[in-house]
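Reading through the structure tokens given below for one structure.
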Amino acid sequence: MVQLSDILQFLSRHPSIRKLLLLDGIYLSPSPPSSLPTPILPNLEQVVASPAYLQWLLRDENQCPELKEITLLTGFWYSFLRPLSYDLVDTALENVLLPRSHKLETIGLCLTREHPDLDAWLQSHVSSSAAGGPNAETSVTRKHILPKFVHTKHLRIDSVNCVNIVDPGRGTSNSQKQTSPSRLELIALFAGLFPNLEYLELPGIYSHVESRIPPIVDAIRQHCPQVKKLKIGYASAKDMDQYGQSGSGNVVDAS
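Start counting the sequence shown at 4; every next residue gets the next number (my numbering).
Shown next as structure tokens:
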């Protein structure tokens, strides 16, 4: 494991860094320092990191004044054995991203592993939008954190390591599928909680599979009516009105 002091020394010697990717392997003590000893990375514009690293690096709102884009990794990139803690993700959303959201051009969320708690975590946010939802005891529900991101207009929800957004329900019973939202619906509902969202990216979807496109656009139209532009996979971003309605009610690419 790389020691925190070594990372600090390295970063402090490279103030010109504009994009930083922090994956796994940096040792953080259970009680990391509340702030950095001296400001570093004055020119940093983009950072991709797990919640713990983000809270360590950006706890001070004056740190990295040029930051325009933050991507939050929901879990550890390489290790499939270490448990995920979505509480840490929520804490980073509240304590790191929200205070800076008025300055950020883009907020990213990278789903790094398929995990039994992923849908439950998404559902906890969705449920928090209704008073007295099933998770009313949780901090997220009490604070309704996502609707507070009133300045966020560009959201990217990526997925890697076999995290399936469109059809993760393989192996579940029909009754389960009928009584709970699909992963795609949860993603759309989650994004829909950002009240002024205009541009949504879903880069982790294979856009060349045509059958995947209509249900995605349907879900975004239903649950994120405020979204004006959508990017799916590696395809170019398109305005929502570039997608037309087929006779069956499914959405088709009109271009």
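All C-beta atoms, glycine included, are put in the ideal place defined by N, C-alpha and C.
Range of the contiguous beta strand (DSSP E) that encloses residue i
i	result
A238	Careful: A238 lies outside any beta strand (DSSP E) and carries neither H nor E.
D244	Counting along the chain, D244 falls outside any beta strand (DSSP E), and DSSP gives it neither H nor E.
R159	H157 to S162
Y89	Element bounds for Y89: not the beta strand (DSSP E) but the alpha helix (DSSP H), Y89 to A95.
D202	It should be noted that the sequence gives Tyr, not Asp, for residue 202. Here the beta strand (DSSP E) through Y202 covers Y202 to L205.
L31	Unbroken run through L31: none, as it is neither H nor E.
Close-in-space but distant-in-sequence residues of the same chain around residue i (CB under 8 Å, 5 per side omitted)
i	result
K231	E201, Y202, D242 and M243
I10	I29
T94	P54 and Q58
L101	I148, K151 and F152
L187	I168, V169, D170, P218, I219 and A222
S178	With a pLDDT of 44 at S178, under the threshold of 50, the modelled position of this residue cannot be trusted; read the value that follows with caution. For S178, where only same-chain residues beyond five positions count, there are no Cβ hits under 8 Å.
Nearest-angstrom beta carbon gap, residue j and residue i [assumed within contact, 8 Å]
i	j	result
I160	L107	Contact flag wrong, Cβ pair sits at about 15 Å.
V92	L75	7 Å
V99	L57	5 Å
S8	T41	Not really, about 13 Å apart at Cβ, beyond 8 Å.
Residue i vs residue j beta-carbon contact at 8 Å
i	j	result
H105	H157	no
V169	P119	no
N199	Q229	yes
Y89	W124	yes
I20	L44	yes
Contacting residues, own chain, Cβ-Cβ under 7 Å from residue i (five flanking each side not counted)
i	result
K22	E48 and Q49
L163	Sequence check: residue 163 is Val here, not Leu. Only C113, T115 and G207 meet the Cβ criterion.
D122	R186 and L189
S251	Per-residue confidence for S251 stands at a pLDDT of 34, beneath the threshold of 50, marking its modelled position as unreliable; no derived number is given.
Cβ shell of residue i (< 6 Å), same chain only, five flanking positions each side left out
i	result
I148	L96 and E97
A55	L31
F152	S104 and F197
G174	Note on G174: pLDDT 40, under 50, position unreliable in the model; the coordinate value appears next. Answer for G174: no residue qualifies.
Y209	G236
Opening and closing residue of the alpha helix (DSSP H) in which residue i lies
i	result
E188	R186 to G195
Q12	L7 to S15
Within-8 Å CB hit, residue i to chain C
i	result
C113	The displayed structure is made up of one protein chain only, and chain C is not part of it.
Counting Cβ pairs, one atom from each stretch, are 3 or more of them under 8 Å apart for the stretch 95-112 and the stretch 50-64? A contact exists between the stretch 95-112 and the stretch 50-64.
Check whether the stretch 63-73 and the stretch 25-32 touch, using three or more Cβ-Cβ pairs below 8 Å as the test. With a cut-off of 8 Å, the stretch 25-32 and the stretch 63-73 do not count as touching, because too few Cβ pairs lie within range.
How about the stretch 235-246 and the stretch 180-194: do they share at least three Cβ pairs that are nearer than 8 Å? In this structure the stretch 235-246 does not lie against the stretch 180-194, because fewer than three pairs of beta carbons, one per stretch, are closer than 8 Å.
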